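To start, the structure itself, in structure tokens.
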Amino acid sequence: MGPNYRLAIVSSLLAFLLVEPTVGALVEQQPLVLKYHNGELLKGKITVNLIWYGSFTPVQRSIIVDFIQSLSSPKVPLPSAASWWKTTEKYKGGYSALVVGKQVLHENLSLGKYLKSRHLLALASKFNDLNSINVIITAKNVAVDGFCMNRCGTHGSTRPLNGKARTAYIWVGNSEAQCPGYCAWPFHQPIYGPQTPPLVAPNGDVGIDGIIINLATLLAGTVTNPFNNGYFQGPPTAPLEAVSACTGVFGSGSYPGYPGRTLVDKTTGASYNAHGANGRKYLLPAMWDPQTSTCKTLV
Ligand SMILES: *[C@@H]1O[C@H](CO)[C@@H](O)[C@H](O)[C@H]1NC(C)=O
């Protein structure tokens with residue numbers, strides 16, 4: 046299994062608690078460096094197949110499909126999801142252009158309502174295309190091993206069988222009914238740590254807008270560290286990757302518990318920082334920029 050995502054917020058909150066007495070004094074930040082471990086990255090055209098496990102409405106699915114398409118849709122106003130994704134080009138090897146491929150609706154929950162890692166692997170093995178990422182999205186009534194305990198999603202790769210290529214996969218869960226304060230922050234009050242009022246979700250769906258944050262994090266982690274020997278900081282068992290190294294940061298001026306500045310939709314009051322395809326708006330997390338060694342925000 047690959048890196049889980051969400052351990053970082055725990056450590057950043059711990060760090061906050063530890064340094065709290067000195068907040069107010071200027072603390073010199075160490076430059077953040079993700080080391081490249083000489084392994085393969087996912088570059089060029091990459092097909093993203095979607096495996097929907099459980100029930101999703103067509104609107105919910107379109108918010109997520111539009112998001113993936115937004116990453117390669119440059120003809121929208123800035124700041125855009127495509128300009129956010131462009132930072133992945135600064136990691137060795139050029140661009141990674143994501144294209145939505147096949148989709149499977151797995152509404153019958155034939156593997157049950159509680160998935161373990163082996164079930165995720167079985168679902169992820171559904172497609173075995175070259176240069177692809179299989180994304181499993183679980184519905185709000187589906188529990189997954191570690192979900193809400195120490196992770197909101199994960200990425201990894203299937204074991205290569207009889208000469209077939211290993212395929213990268215991602216799992217992300219809808220946390221709306223299970224732990225929105227953990228996996229859909231800042232659209233929900235956090236379950237612990239400093240409290241700030243929740244932001245209004247840009248697509249009006251706390252669970253799905255939370256999935257976007259986690260999916261964005263995991264897609265960036267997957268293309269820059271698909272097989273756990275790409276870019277990361279720390280031990281390979283708990284790596285901090287392109288976006289997970291910047292956990293909790295969405296805009297400039299962020300601090301633990303405060304996501305930072307965002308743009309606000311005047312009609313809905315929703316917070317966002319990226320325009321997307323089909324007039325969509327998304328709130329995307331900061332990504333580590335190899336040129337500046339900082340977590341880059343869109344606004
Ligand atoms: C459940 O749905 C999946 C995906 O559509 C299908 O492959 C599988 O055969 C179905 N299982 C049952 C028991 O109906």
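Using the working numbering, the first residue of the sequence shown is number 46, and each one after it goes up by one. Think of the CB as a built atom: it goes at the ideal place given N, C-alpha and C, for glycine as much as any other residue. None of these values were measured; they are calculated from a predicted model.
Simplified DSSP assignment, three categories, for residue i
{"i": "T92", "result": "strand"}
{"i": "C197", "result": "coil"}
{"i": "P66", "result": "Confidence in P66 is poor, its pLDDT being 37 and thus under 50, which makes the residue's placement too unreliable to answer from."}
{"i": "T342", "result": "coil"}
{"i": "V217", "result": "strand"}
{"i": "L328", "result": "coil"}
{"i": "V309", "result": "strand"}
{"i": "V149", "result": "strand"}
{"i": "L123", "result": "coil"}
{"i": "V268", "result": "helix"}
{"i": "N323", "result": "helix"}
{"i": "T337", "result": "coil"}
{"i": "N49", "result": "strand"}
Residue range of the unbroken alpha helix (DSSP H) whose run includes residue i
{"i": "W129", "result": "126-130"}
{"i": "S177", "result": "Counting along the chain, S177 falls outside any alpha helix (DSSP H), though it belongs to the beta strand (DSSP E) covering 177-183."}
{"i": "C228", "result": "225-228"}
{"i": "R211", "result": "That residue, R211, is in no alpha helix (DSSP H); it is neither H nor E in DSSP."}
{"i": "R204", "result": "Run containing R204: none; DSSP gives neither H nor E here."}
{"i": "Q105", "result": "103-115"}
{"i": "H164", "result": "162-169"}
9 Å Cβ cutoff met for residue i and residue j
{"i": "G302", "j": "G238", "result": "yes"}
{"i": "Q336", "j": "K135", "result": "yes"}
{"i": "I182", "j": "G218", "result": "yes"}
{"i": "L150", "j": "W216", "result": "no"}
{"i": "L285", "j": "F112", "result": "no"}
{"i": "A229", "j": "T203", "result": "no"}
Residue i CB to nearest heavy atom of ligand 1 below 8 Å
{"i": "S6", "result": "Any question about residue 6 goes unanswered here, given that the chain covers just 46 to 344."}
{"i": "L165", "result": "no"}
{"i": "Y150", "result": "Residue identity check: residue 150 is Leu in the sequence provided, not Tyr. Yes."}
Supposed close pair residue i, residue j - CB separation, criterion 8 Å
{"i": "T342", "j": "G305", "result": "6 Å"}
{"i": "N94", "j": "G146", "result": "5 Å"}
{"i": "P280", "j": "N273", "result": "The pair is not a contact, with the Cβ atoms about 10 Å apart (cut-off 8 Å)."}
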